[in-house]
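Asks:
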Amino acid sequence: MSSFLVDLVHLYEKNGYEVQSSLSPLHFPGFKSAYLPFSYIYLNGTKMCKGGGLAISELMFVNCITSIIKPKNIFVIGNSFGWTTLALGLMCPTSRVVAIDVCWRPDETYGIEITNKLGRQIEAEIRAIKAKSPDDVSDVVKNNFKGGIDLVLIDGGHTPQQQTADFAACKSSANETCIYLFHDVINFQMVNSFAEIAAQNNHLISSILFRTPSGMAISYPKEYVEKLSGTVNAFTESDERVRALHSEGRKNISD
582 MSSFLVDLVH LYEKNGYEVQ SSLSPLHFPG FKSAYLPFSY IYLNGTKMCK
632 GGGLAISELM FVNCITSIIK PKNIFVIGNS FGWTTLALGL MCPTSRVVAI
682 DVCWRPDETY GIEITNKLGR QIEAEIRAIK AKSPDDVSDV VKNNFKGGID
732 LVLIDGGHTP QQQTADFAAC KSSANETCIY LFHDVINFQM VNSFAEIAAQ
782 NNHLISSILF RTPSGMAISY PKEYVEKLSG TVNAFTESDE RVRALHSEGR
832 KNISD
């Protein structure tokens, strides 16, 4: 793994923040374990934003993908406190990364400000904007990118309907070779929505990444199959193993 993670943690720390990321629930009994695997930013012991960022293992997956395809234009739906947006900038120093957040809460508005501040301290072009998906996606892309989108991370409103709308909005502004990443697909019960997206876009290869804490997913053009299938396979489970795990889980519950 490249030094992007070391640089990302250092970026926050040199600006006075603390990083909490990728902790095992077994190590911290009594804590709300659903949040422990993901990434949060603290200042003087106070969590700066309710929303978290990708876990380290998820960033490793994204880094594997970006190191192969080297996207120029990267679009992120859901900025929170900038963790994943800035990670993408450090992974892809010659890229332009634009993130939007609807900013329902004051912490997310502050997150936009801090993302832009920290973004000016790294090589990539970083811009975080208060905007709403799907309504504002077309204008944001048109006003901030030369050419369409090469890579999208959908991590905004965690409902099936919002995931579908986010994908459709991005697709309309994306290049034909765009790769789509989806966060929290399993954890927020958006598998059926993702399956519908996959079925309606059979020019893309779509997979759920069971070896990521949130149950991420990816859809990518068939022309990338030789380049990306090995990486995708390394972060998922076979259908046989998934069925076996579900069967064993049901047996353990009944016992």
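Sequential numbering of the sequence shown, starting at 582, is according to the numbering used here.
Just so it is clear, CB atoms sit at the ideal spot from N, CA and C, and this is done for glycine as well.
(1) Quick check: what's the CA-CA separation for A798 versus L732?
(2) Label R677 either buried or exposed according to how many other C-beta atoms from any shown protein chain fall within 10 Å of its C-beta, with 16 as the threshold for buried.
(3) Would you say C630 and S584 are within 7 Å of each other, going by their C-beta atoms?
(4) Please state whether the Cβ-Cβ distance between T745 and S774 is less than 7 Å.
(5) Could you check how far apart the C-beta atoms of G663 and G692 are, in whole angstroms? I think they sit under 8 Å.
(6) Can you tell me whether P618 is buried or exposed? The criterion is at least 16 other CB atoms within 10 Å of its CB, across all chains shown.
(7) Could you name each continuous alpha helix (DSSP H) segment of 4 residues or more that falls completely within the segment 653-733, going from the start of the chain to the end?
(8) Between the C-alpha atoms of K651 and L734, what's the straight-line distance to the nearest angstrom?
(9) In three-state DSSP terms, what is E757?
(10) Among the candidates E777, N768, E706, whose CA atom is the shortest distance from the CA of D736?
(11) Let's test the definition: count the other Cβ atoms within 10 Å of the Cβ of S828 and tell me whether it reaches 16, buried, or not, exposed.
(12) Taking E757 and P802 to be in contact with their CB atoms under 8 Å, please state how far apart those CB atoms are, rounded to whole angstroms.
(13) Using beta-carbon positions only, say whether G632 and S620 come within less than 7 Å of one another.
(14) Does G597 pass the burial test, meaning 16 or more other C-beta atoms within 10 Å, or should it be called exposed?
(15) Please work out which residues of its chain come closer than 7 Å, Cβ to Cβ, to F748, disregarding the five sequence neighbours upstream and downstream, and give them in chain order.
(16) Near V721, which residues of its chain fall below 7 Å by C-beta distance, leaving aside the five closest residues on each side in sequence?
(17) Which residue from S719, G728, S602 puts its Cα closest to that of K628?
(18) How many Å lie between A636 and L790 at the Cα?
(19) Restricting to runs no shorter than 3 residues, where is the beta strand (DSSP E) found entirely within the segment 773-822?
(20) In terms of residues, what are the limits of the beta strand (DSSP E) holding Y621?
(21) For G700, which residues in the same chain have their Cβ closer than 6 Å to its Cβ, ignoring the five residues on either side in sequence?
(22) Could you tell me the boundaries of the beta strand (DSSP E) in which V846 lies?
(23) Is it true that the CB of N654 sits closer than 7 Å to the CB of F763?
Replies: So, to answer that:
(1) 13 Å
(2) buried
(3) no
(4) yes
(5) 6 Å
(6) buried
(7) 664-672, 687-700, 718-725
(8) 15 Å
(9) Note: E757 maps to strand in three-state DSSP.
(10) N768
(11) Classification for S828: exposed.
(12) 7 Å
(13) no
(14) exposed
(15) I735, Y761, I778
(16) Excluding residues within five positions, the ones whose Cβ falls inside 7 Å are V679, I681, I710, A712.
(17) S602
(18) Taking the straight line joining both Cα atoms gives about 13 Å.
(19) Under the rule that a run must span 3 or more residues, the beta strand (DSSP E) segments found entirely inside the segment 773-822 read 785-790, 797-802.
(20) 621-624
(21) I707
(22) Only positions 582 to 836 of the chain appear in this structure, which leaves residue 846 out of reach.
(23) no
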